[in-house]
Amino acid sequence: MQVFYNGRFMPAEQVSIDMEDRGYQFADGIYEVVRVYNNRLFHLKPHLERLGRSAAGVELELPWPQEELADVMAQLVKANRPGDGIVYLQITRGVAPRNHPFPARAEPAITMYTKEFPRPTRNVEQGVACITVDDDRWLRCNIKSISLLPNVLAKQKAARAGVYEAIFVRNGRITEGSSSNIFCVYGDTVQTHPANNLILNGITRQALLRLIKQEGFRLVEEPFSVPGLLAADEAIVSSTTSEVTPIVQVDGHAIGEGRPGRVTRALQAAFEAEIRRETGA
11 MQVFYNGRFM PAEQVSIDME DRGYQFADGI YEVVRVYNNR LFHLKPHLER
61 LGRSAAGVEL ELPWPQEELA DVMAQLVKAN RPGDGIVYLQ ITRGVAPRNH
111 PFPARAEPAI TMYTKEFPRP TRNVEQGVAC ITVDDDRWLR CNIKSISLLP
161 NVLAKQKAAR AGVYEAIFVR NGRITEGSSS NIFCVYGDTV QTHPANNLIL
211 NGITRQALLR LIKQEGFRLV EEPFSVPGLL AADEAIVSST TSEVTPIVQV
261 DGHAIGEGRP GRVTRALQAA FEAEIRRETG A
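For the sequence shown, the tail end lands on 291 under the numbering used here, and the numbers increase by one without skipping.
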């Protein structure tokens, strides 16, 4: 498999990460995961725009313009042909002697690779179960930082509970999932947490906001409580890899009728049409 590391395409086994890379020592970096369908990049522009915002948020200068990053991604997909998969892109502040302040001389380090990632067909069709957990993360969740330990711990709680996702709760309000965004459906109204510093504004989330309006449903961007989630007619978990997945159970309680609902199915169909238009998949 070909990867892209610090300006060069090379076999994956030749990549060597310096032990003083600030990503390794401080989690001082950002990342993006771009979906690939039928060997074609999906929603690439908003991913790169968010990468730029994350870089600005941590005062990190991108080593290449977004247009060049897009070209590198396209070349990787062409070389590796993952079919349905992802492109992972990570940029750290670079290599420097370990010291907390930004180094005076360090070149940002970039890593990019592809990976096969089958579509989540069964979850999309049948729905998934989730649990709620305390949201004890920092207050800049809008930055797609590689510092993900709280998310990892939450996802591990979900894995131990035998469910798909952990849903964060901060001060009694649902924020998002450990690697996803969360939506509730009440009749023809779809509600989700607003895009502020408490959540990552997911690219699939952004697509769903458009599709909710396109399909004639009412959109409300306001926080909701755990009781509000449990009382919903339907619920959805969305992300680049989860797509539009129904939530059928939370903390052992059935959501609605315990199966994917009418609004979720309509949004899934609209999302599928968008994939076909953009990638031909």
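Note that the Cβ used here is the ideal one computed from N, Cα and C, for glycine as well. Owing to the predicted nature of the structure, the values given are computational and were not obtained by experimental measurement.
Query, Result
"Unbroken alpha helix (DSSP H) runs of length 4 or more, entirely within the region 12 to 70: which are they?", "32 to 36, 54 to 67"
"Give the secondary structure of T199 by DSSP, where H, G and I count as helix, E and B as strand, and everything else as coil.", "strand"
"Would G262 be called buried (16 or more neighbouring beta carbons within 10 Å of its own) or exposed?", "exposed"
"If you check the beta carbons only, do I209 and C151 fall under 8 Å apart?", "yes"
"Just to confirm my understanding: we take N206, look at its own chain, exclude 5 residues before and 5 after, and list those with CB closer than 8 Å. What are they?", "N152"
"In three-state terms, what does DSSP make of N191?", "strand"
"Do T274 and E232 count as a contact pair if the criterion is CB distance below 8 Å?", "no"
"Between the Cα of G187 and those of G212, G271, Y196, spot the shortest distance and give me the residue it belongs to.", "G212"
"Just grab the DSSP bridge partners of Q85 for me.", "According to DSSP, Q85 bridges with nothing at all."
"For R228, which of helix, strand or coil comes out of DSSP?", "strand"
"What residues are listed by DSSP as bridge partners for Y98?", "V43, Y123"
"Is it the case that the region 34 to 41 contacts the region 98 to 118, given that we only count it when at least three CB pairs across the two stretches are under 8 Å?", "yes"
"Near K154, which residues of its chain fall below 7 Å by C-beta distance, leaving aside the five closest residues on each side in sequence?", "I40, Y41, E42, R60, S64, L210"
"So, with DSSP's three-state summary, where would you put P295?", "Residue 295 is absent from the structure shown; the chain starts at 11 and stops at 291."
"Out of curiosity, what's the CA-to-CA distance linking E71 and Y174?", "35 Å"
"Would you give the residue range spanned by the alpha helix (DSSP H) that A291 belongs to?", "Counting along the chain, A291 falls outside any alpha helix (DSSP H), and DSSP gives it neither H nor E."
"Taking contact to mean 3 or more Cβ pairs, one atom from each stretch, closer than 8 Å, check whether the region 102 to 116 and the region 140 to 149 are in contact.", "no"
"How is R183 classed by DSSP in three states: helix, strand or coil?", "strand"
"Does the beta-carbon of M20 have 16 or more other beta-carbons within 10 angstroms, so that it is buried, or is it exposed?", "exposed"
"Contact between the region 184 to 204 and the region 159 to 176 is defined here as three or more beta-carbon pairs at a separation below 8 Å; is this criterion met?", "yes"
"Using three-state DSSP, classify V134 as helix, strand or coil.", "helix"
"Beta-carbon within less than 8 Å of D31's beta-carbon, same chain only, minus the 5 sequence neighbours each way: which residues are those?", "T102, G104, V105, A119"
"Let me know the secondary structure DSSP gives V236 once reduced to three states.", "helix"
"Where does F178 sit, in a helix, a strand or coil, going by DSSP?", "strand"
"Using DSSP's beta-bridge definition, name the partner residues of T142.", "I177"
"Write down the C-beta distance between L79 and T124 rounded to the nearest angstrom, noting that I regard them as a contact closer than 8 Å.", "Rounded, the Cβ-Cβ distance is 14 Å, inconsistent with contact."
"Could you please give me the residues that DSSP links to V247 through a beta bridge?", "I192, T255"
"Going by DSSP in three states, I106 sits in which element: helix, strand or coil?", "A small fix is needed here, since residue 106 is Ala in this sequence, not Ile. Three-state DSSP puts A106 in coil, outside helix and strand."
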